[in-house]
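K.L.:
Sharing a structure, written as structure tokens. Questions coming.
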Amino acid sequence: MSQEPKQNRVLVFGTFDLLHPGHLSFLRQARKLGRELYVVVARDKNSEKLKGKHPIQNEQFRLNAIAKLPFVTKALLGQIELSHRYKLVRELEPDIIALGYDQFLLTTTLADDFKVLGLNIQLVRLKPYRADRYKSSILRQKLNN
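Under full-length UniProt numbering, the first residue of the sequence shown carries the number 1, and numbering increases by one thereafter.
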């Protein structure tokens with residue numbers, strides 16, 4: 001009798017403002033790493049605090065857009081307070097956290113933080129998809145022109 005493979009749970013974080021092909025590529029790459037894909041959508045307040053600008057689309061709109069994607073197991077909003085950012089990680093117990101090629105805010109100490117917290121989570125950095133064209137900051141700039 002063959003043993004069922006472990007059900008890999010992949011977790012990603014992001015703002016996902018102006019959902020575009022770059023985001024979709026990121027999410028599809030992440031989904032290929034496991035059987036379940038959980039997506040944490042950044043709160044408006046935290047996105048503004050970290051990036052210095054408010055998202056064009058509000059958090060509920062962005063959450064709904066991600067939740068409708070057929071390859072996303074579940075989409076949920078991030079913690080209100082950044083100091084509680086690992087609460088969802090503990091609750092969801094992912095095997096893998098996938099990071100975008102350009103995700104460096106709050107990620108530089110992840111591996112060390114997880115060791116301290118006793119979490120055994122693999123970190124995987126994903127490849128960009130036409131980053132010269134499909135990046136939220138570029139699309140945002142085009143909207144403002």
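We put the beta carbon where it would ideally sit given N, CA and C, even for glycine.
With a Cβ-Cβ cutoff of 9 Å, do Phe13 and Val40 count as a contact?
P.N.:
Here residue 13 is taken as the residue at index 13 of the sequence shown, counted from 1. Here residue 40 is taken as the residue at index 40 of the sequence shown, counted from 1. Yes, these two residues count as a Cβ contact at 9 Å.
K.L.:
Report all residues from its chain with a CB closer than 8 Å to the CB of Val10; omit the five preceding and five following residues, and keep chain order.
P.N.:
Within the sequence shown, numbered from 1, the residue matching residue 10 stands at position 10. Cβ neighbours of Val10 beyond the five flanking positions: Ala30, Arg31, Leu33, Gly34, Glu36, Leu37, Tyr38, Pro94, Asp95, Ile96, Ile97 and Ala98.
K.L.:
For Leu123 versus Tyr86, is the C-beta distance shorter than 9 Å?
P.N.:
One-based indexing of the sequence shown puts residue 123 at position 123. One-based indexing of the sequence shown puts residue 86 at position 86. The answer is no: Cβ separation not under 9 Å.
K.L.:
With the cut-off set at 9 Å, would you say Arg43 and Leu77 are in Cβ contact?
P.N.:
Position 43 of the sequence shown, counted from the start, is the residue given in the question as residue 43. Position 77 of the sequence shown, counted from the start, is the residue given in the question as residue 77. Against a cut-off of 9 Å, the Cβ pair of Leu77 and Arg43 comes out as a contact.
K.L.:
Going by alpha carbons, who is nearest to Asn8 out of Pro128, Leu126, Tyr129 and Ile121?
P.N.:
Here residue 8 corresponds to residue number 8 of the sequence shown, with the count starting at 1. The residue with the shortest Cα to Cα distance from Asn8 is Ile121.
K.L.:
If I follow the unbroken alpha helix (DSSP H) through Arg43, where does it start and stop?
P.N.:
Indexing the sequence shown from 1 puts residue 43 at position 43. Premise fails: Arg43 is in no alpha helix (DSSP H) and is neither H nor E.
K.L.:
Please determine, among Glu48, Pro55, Gln103 and Gly52, the residue with the shortest C-alpha to C-alpha distance to Lys127.
P.N.:
Position 127 of the sequence shown holds residue 127. Closest option to Lys127, Cα to Cα, is Gln103.
K.L.:
Tell me the residue span of the beta strand (DSSP E) that contains Val124.
P.N.:
By one-based count along the sequence shown, residue 124 stands at place 124. Where Val124 is concerned, the enclosing beta strand (DSSP E) stretches over Gln122 to Arg125.
K.L.:
Taking buried to mean at least 16 other C-beta atoms within 10 Å of its own C-beta, is Ser47 buried or exposed?
P.N.:
Counting from one through the sequence shown, the residue named residue 47 turns up at place 47. Answer is buried; the Cβ neighbour count reaches 16.
K.L.:
By Cβ distance below 7 Å, which residues in the same chain neighbour Leu69 in space, the five residues on each side in sequence not counted?
P.N.:
Numbered from 1 along the sequence shown, position 69 holds the residue referred to as residue 69. Around Leu69: Leu27.
K.L.:
How should Ala75 be labelled, buried or exposed, when 16 other C-beta atoms within 10 angstroms of its C-beta is the threshold for buried?
P.N.:
Here residue 75 refers to the residue found at position 75 of the sequence shown. Counting Cβ neighbours within 10 Å, Ala75 comes out buried, since at least 16 surround it.
K.L.:
Start and end of the alpha helix (DSSP H) containing Lys32?
P.N.:
On the sequence shown, position 32 is the one that residue 32 refers to. Unbroken run through Lys32: none, as it is neither H nor E.
K.L.:
Please report how far the alpha carbon of Leu63 lies from the alpha carbon of Gln79, in whole angstroms.
P.N.:
Counting from one through the sequence shown, the residue named residue 63 turns up at place 63. Counting from one through the sequence shown, the residue named residue 79 turns up at place 79. For Leu63 and Gln79, the distance between alpha carbons rounds to 13 Å.
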